[in-house]
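Residue numbers (this note's numbering): 658 to 1322. Quick reminder that beta carbons are idealized off the backbone N, C-alpha and C, glycines included.
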Amino acid sequence: MTTIDITVNGKHVSIDDSCSVLDAINSSGTSIPQLCKDPDMKPIGACRTCLVEIDGVRGFPASCSTPVSDGMKVLTGTEQLQEVRNGVLELTAGMLPNVDKSAFRELSTAMSTSSTSPNVWQGRDRQKTDSSNPIFDISMDSCILCGRCAQACQAGHQFIGAIDVLGTGTKARIGTFMDQPLLDSVCTTCGQCLSVCPTGAISTKETPKTIVKTVKTTCPYCGVGCGIQAGVDEGDVIQEMLDDPDNLSSIGMLCVKGRFGYTFVHHEDRLTSPLVRKSGKLVEVTWDEALNLVSEKLSGYRGDSFGTLCSAKATNEDGYLQQKFSRLIMQSNHIDHCTRLCHAPSVEAMLTSLGSGATSNSYIDYEDAGCLVIIGSDANSNHPVAASRMRRAVIEKGAKLIVINPRRIDMCDFADLWLRPRPGTDVALLNGIANVILDLGIEDRDFIDNRTEGFESWREVIEKYTPEYVESVTGVPSADIVRAAEMYACPPFSGSCLIWGMGITQHTMGTANAHGLLNLSFVAGQLGKPGSGVSPLRGQNNVQGCGDAGCLPNAFPGYQTIASDTVEKFSRSWGNSKLPSEPGLVITDMVKAIDDGRMKAMYVTGENPLLSEPDLNHAEETFKKLEFLVVQDIFLHETAEIADVVLPACSFAEKDGTFTNSERR
């Protein structure tokens, strides 16, 4: 990009030559109506309200869709131009019903700053409203057909395509395919259309109270780490969630949970007072009484008799303090969290092969990749915003997409190749793809020679995984295996990215599956360059950070394994105190230790093992054997109901701290 100079109303502006005239106008501090332009979407020039005069250019071009050129002279407020713009605004306003216009957002603002006729609000006949969606309505009465919502749903943001502009002329309207109700369409209720609507034609069913401030924070749901802005009222009650265009993980996108799933924060069932079991029942007590009881009781259970479960919903700071408390005060390394039940196989394999148990790339690499491989993940359901970035790579940039999943998922609609292996045969399939890469001579020999070890012994292992043999094992046609190998090793541009979820890690062969993926990336050299990498999609919002902070039985913070030198190091850092020197138990082994009487007390934060353990009846019987159980959470769940002490916890919206997302941001 090159910086060029133009003038806006006689004011000098320096701007990149890739920008539009509207960008230059905004940079100059001048304000003009812009009803169809959204900064995160390509300009379409539909509303015609951002018209300008450009010296040497005939007519009044739309500034949003006109590129800048060096030496350009732009005028935004001449008498003739203002007359034309007012006419456009009057025609736009005339599409609306004869009702109070104060709610029409950006259009109301544009009208108030223009010399439009007061009688233009005559309106049109009442139009139908689609109220099928449980969260928001689409009212054509308030629609000016700017096209923002359709663009946001399609190429602008989500690449879903649930709504579009249907019909032409006076019959034009916003609708869904075959005019079916929105609820019956492919709409995911992400609310992106709602966020860009300039008039309120798309609005929530519940009218929020007056917003007095917005607070930037991070979504508390999945591991994508989307940026959100909480709009709060005078009582600090969240009334709405807005997307954050400055967040590099979500770039202004949200899913249905991130945008609308905030009511739990102020739910009436939230725990607000400590509970202590007395005469078999949990009763409310003061904080002093509860904390004194916890301190008194836990002092009798140190070492192997104590275990703790940390929360991947809590902050990094929370996790660090909890593991430090267990090691320093309780003298126990029996520390674990939900990674044990999801991506622990990925962490184990990546620590062994890469030295780091985390993704090697960012979401930006998804959009830069020439080939994306998604295996064991229904990203559109579990990580919708990350899936949107994958779709952007395919639709806008021409990337190839390979989906490996026995079950059909939404991403199959965008795939160039869909491989359907029999359940449990992932290792064979991955070895087969690697075998073909070697057989065709398209491996990255430089990467193998300089950045790997053990190649020859590994090659001997996979020699038997010919396409024909793998087809007999997996059911995937041999021709598709060859095609997948060619697409992955030789993308049309940039690199190739491997993306996986818990469909291959929550498995008896989970670690082997992860090793298979890593070996495939090594043989093709798809690491360490733009658009390449290995990317496990983490489940909880801070499961990455929880592991980083040391909430693991075998590692201190930073994945420093428990050995004599690290024990000594942390002992010095934590006041020359004695620390346990042997690795602790994982959650599944803690359950066994409780069962046989070795573990007698436990502190559980933000976890519900009576719901997450595989045998719920056995889990309840086992946890009832504990002599002392403390649960800290925001709601009274199944595990809390059998606890001796229940302590209320703060939600993400009520404390300071940090989360670490899947890309380690």
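Drop a sphere of 10 angstroms on the beta-carbon of residue i, count the other beta-carbons inside from all chains shown, and report buried for 16 or more, exposed for fewer.
i, result
"residue 883", "buried"
"residue 949", "exposed"
"residue 1285", "buried"
"residue 1273", "exposed"
"residue 735", "exposed"
"residue 759", "Caution applies to residue 759, whose pLDDT of 44 falls short of 50 and renders its modelled position unreliable; the value that the coordinates give is listed next. The residue is exposed, with fewer than 16 neighbouring Cβ atoms inside 10 Å."
"residue 905", "exposed"
"residue 846", "buried"
"residue 658", "exposed"
"residue 907", "buried"
"residue 1316", "buried"
"residue 1194", "buried"
"residue 1225", "exposed"
"residue 1197", "buried"
"residue 1136", "exposed"
"residue 932", "buried"
"residue 728", "exposed"
"residue 834", "exposed"
Please report the residue range of the alpha helix (DSSP H) in which residue i lies.
i, result
"residue 944", "944-955"
"residue 1077", "From DSSP, residue 1077 is part of no alpha helix (DSSP H); its letter is neither H nor E."
"residue 840", "First-last for residue 840: undefined, no H or E at that position."
"residue 1277", "1273-1280"
"residue 1140", "1135-1146"
Quick check: residue i and residue j, are their CB atoms within less than 7 Å of each other?
i, j, result
"residue 701", "residue 997", "no"
"residue 1279", "residue 1299", "no"
"residue 685", "residue 1016", "no"
"residue 815", "residue 849", "yes"
"residue 1263", "residue 1001", "no"
"residue 1043", "residue 1060", "no"
"residue 830", "residue 823", "yes"
"residue 1154", "residue 1189", "yes"
"residue 1158", "residue 960", "no"
"residue 817", "residue 810", "yes"
"residue 1145", "residue 1028", "yes"
"residue 1025", "residue 1149", "no"
"residue 876", "residue 915", "yes"
"residue 891", "residue 869", "yes"
"residue 689", "residue 676", "no"
"residue 1242", "residue 1210", "yes"
"residue 661", "residue 720", "no"
"residue 1168", "residue 1006", "yes"
"residue 705", "residue 745", "yes"
"residue 1202", "residue 973", "yes"
"residue 962", "residue 1282", "no"
"residue 1036", "residue 995", "no"
"residue 1112", "residue 1182", "no"
Considering Cα atoms alone, identify which of the options is closest to residue i.
i, options, result
"residue 805", "956, 901, 692", "692"
"residue 697", "933, 852, 1248, 1074", "852"
"residue 881", "1295, 1028, 1199, 732", "1199"
"residue 1114", "787, 895, 1176, 984", "1176"
"residue 928", "1228, 713, 1291, 793", "1291"
"residue 1351", "936, 799, 1117", "Because the chain here runs from 658 to 1322, residue 1351 falls outside it and cannot be looked at."
"residue 1067", "1085, 1054, 1078, 1045", "1045"
"residue 966", "984, 821, 954", "984"
"residue 1307", "930, 1063, 1275, 870", "930"
"residue 731", "1289, 672, 711, 1222", "711"
"residue 1249", "1227, 1276, 1269", "1276"
"residue 910", "841, 791, 1040", "1040"
"residue 1090", "1063, 1131, 1106", "1131"
"residue 937", "1009, 1314, 1302, 1311", "1302"
"residue 902", "1229, 742, 874, 993", "874"
"residue 982", "827, 1214, 1223", "1214"
"residue 1255", "964, 1296, 793, 679", "964"
In terms of residues, what are the limits of the beta strand (DSSP E) holding residue i?
i, result
"residue 941", "938-941"
"residue 1052", "Taken as a continuous stretch (DSSP letters only), residue 1052 belongs to no beta strand (DSSP E), being part of the alpha helix (DSSP H) at 1041-1054."
"residue 1033", "Per DSSP, residue 1033 belongs to no beta strand (DSSP E) and is neither H nor E."
"residue 908", "Note, residue 908: premise wrong, no beta strand (DSSP E); not H, not E."
"residue 727", "Here residue 727 belongs to no beta strand (DSSP E), and DSSP marks it neither H nor E."
With a threshold of 6 Å (Cβ to nearest heavy atom), would residue i be considered close to the ligand SAM?
i, result
"residue 1042", "No copy of the ligand SAM appears in this structure; indeed no ligand is present at all."
Is the region 904-922 touching the region 871-887 in the sense that three or more CB pairs, one from each, lie closer than 8 Å? Inter-segment contact for the region 871-887 and the region 904-922 is present: three or more beta-carbon pairs are separated by less than 8 Å.
Taking one C-beta from the region 1201-1211 and one from the region 1113-1127 each time, how about it: are there three or more such pairs within less than 8 Å? No: fewer than three Cβ pairs fall under 8 Å.
Counting pairs of Cβ atoms below 8 Å between the region 1166-1180 and the region 1084-1091, do you hit three or more? The region 1166-1180, when compared against the region 1084-1091, does touch it at the 8 Å Cβ threshold.
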